[in-house]
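A.B. asks:
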Amino acid sequence: MTEADLDAIAGIEAASFPRPLTRDDLLSLYERPAFRGFVLAPDGGMPASYVLFLKAGGMADLISTGTAAGARRRGFASRLLGESLHHLAVDKITEVTLEVAVDNVAALALYAGLGFGEVGRRSNYYRRPGGRVDALVLRWRPSH
0 MTEADLDAIA GIEAASFPRP LTRDDLLSLY ERPAFRGFVL APDGGMPASY VLFLKAGGMA
60 DLISTGTAAG ARRRGFASRL LGESLHHLAV DKITEVTLEV AVDNVAALAL YAGLGFGEVG
120 RRSNYYRRPG GRVDALVLRW RPSH
């Protein structure tokens with residue numbers, strides 16, 4: 000991932016989330032030494048999928064991940080997240096955590112397929128029109 004990818008990522012964020020990361024938010028993350036970001040840009044074009052992490056010691060938090068609407072259901076998110084987890088493991092990361100809404104069925108299936116397991120729950124974590132929804136805290140550890 001390079002700084003040139005930030006506009007495309009901001010566009011995917013804006014189209015995907017009710018409270019998206021802005022380009023300024025993304026730049027602030029990108030400039031942090033603990034930041035690791037990965038993109039999948041088919042045929043060398045614009046990023047179709049991205050995943051963003053912040054590292055702390057031997058752990059990392061998945062900050063955001065998304066796929067452009069026209070690129071969904073093609074396996075990009077699974078491929079990119081799997082490859083990024085491999086890179087983090089090589090970089091001595093022993094644990095990755097994330098939060099996901101309990102009603103985000105597609106994301107839950109993606110994470111389960113990559114070996115994430117539930118380790119907690121945050122009540123009323125996400126704000127939605129008409130109310131709030133819980134988040135599940137998921138954890139991934141590399142298999143040795």
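Take 0 as the starting number for the sequence shown in numbering that gives the first Met the number 0 and just add one per residue. All residues carry an ideal CB built from backbone N, CA and C; glycine is no exception.
Under three-state DSSP, which class holds Ala70?
C.D. replies: Position 71 of the sequence shown, counting from 1, holds the residue named residue 70. Looking at Ala70 - three-state DSSP - the assignment turns out to be helix.
A.B. asks: Could you pull the DSSP bridge partners for Leu91 from this structure?
C.D. replies: In the sequence shown, counting from the first residue as 1, residue 91 sits at position 92. For the sequence presented, residue 91 should be read as Lys rather than Leu. Note: Lys91 sits in no beta bridge, so no partner.
A.B. asks: Just confirm the distance between the C-beta atoms of Val99 and Leu137, as a whole number of angstroms; I'd bet it's less than 8 Å.
C.D. replies: Translated into the one-based positions of the sequence shown, residue 99 becomes position 100. Translated into the one-based positions of the sequence shown, residue 137 becomes position 138. Val99 to Leu137, Cβ: 6 Å. Contact.
A.B. asks: Nearest to Glu2 by alpha carbon, out of Ala14, Gly119 and Arg22?
C.D. replies: Reading the sequence shown from its first residue, position 3 is the one you call residue 2. Comparing Cα-Cα distances from Glu2 to each of Ala14, Gly119 and Arg22, the minimum goes to Arg22.
A.B. asks: If you reduce the DSSP assignment to three classes, tell me which class Ser48 lands in.
C.D. replies: The residue given as residue 48 occupies position 49 in the sequence shown. In this structure, Ser48 counts as strand in the three-state DSSP scheme.
A.B. asks: Taking all protein chains shown into account, decide if Gly65 is buried (16 or more other Cβ within 10 angstroms of its Cβ) or exposed.
C.D. replies: Position 66 of the sequence shown holds residue 65. Buried, because 16 or more other Cβ atoms sit within 10 Å of the Cβ of Gly65.
A.B. asks: Could I get the ranges of all uninterrupted beta strand (DSSP E) runs contained in the region 98-134, with 3 residues as the minimum, in chain order?
C.D. replies: DSSP runs (the beta strand (DSSP E)) wholly in the region 98-134: 116-127.
A.B. asks: Take Leu113 as the anchor and find which of Gly130, Pro141 and Arg127 has the nearest alpha-carbon.
C.D. replies: On the sequence shown, position 114 is the one that residue 113 refers to. When only C-alpha atoms are compared, the closest one is Pro141.
A.B. asks: Name the residue from Pro19, Ala134, Glu30 and Lys54 whose alpha carbon lies nearest to the alpha carbon of Val104.
C.D. replies: Within the sequence shown, the letter at position 105 stands for residue 104. Comparing Cα positions, the closest option is Ala134.
A.B. asks: Nearest to Phe115 by alpha carbon, out of Leu97, Lys54, Pro17 and Arg126?
C.D. replies: On the sequence shown, position 116 is the one that residue 115 refers to. Taking only the C-alpha atoms, the option nearest Phe115 is Leu97.
A.B. asks: Assess contact between the region 12-21 and the region 71-91, defined as three or more Cβ pairs (one per stretch) separated by less than 8 Å. Is contact present?
C.D. replies: No contact exists between the region 12-21 and the region 71-91.
A.B. asks: Taking all protein chains shown into account, decide if Arg72 is buried (16 or more other Cβ within 10 angstroms of its Cβ) or exposed.
C.D. replies: In the sequence shown, the residue the question calls residue 72 occupies position 73. That one is exposed.
A.B. asks: Assign Ser122 to buried or exposed, taking buried as 16 or more other Cβ atoms, counted over all protein chains shown, within 10 Å of its Cβ.
C.D. replies: The residue you call residue 122 lines up with position 123 of the sequence shown. It is exposed - the Cβ of Ser122 has fewer than 16 other Cβ atoms within 10 Å.
A.B. asks: Taking the alpha-carbon positions, what's the Glu94 to Gly56 distance?
C.D. replies: Here residue 94 refers to the residue found at position 95 when the sequence shown is read from its first residue. Here residue 56 refers to the residue found at position 57 when the sequence shown is read from its first residue. Roughly 10 Å separates the two Cα atoms.
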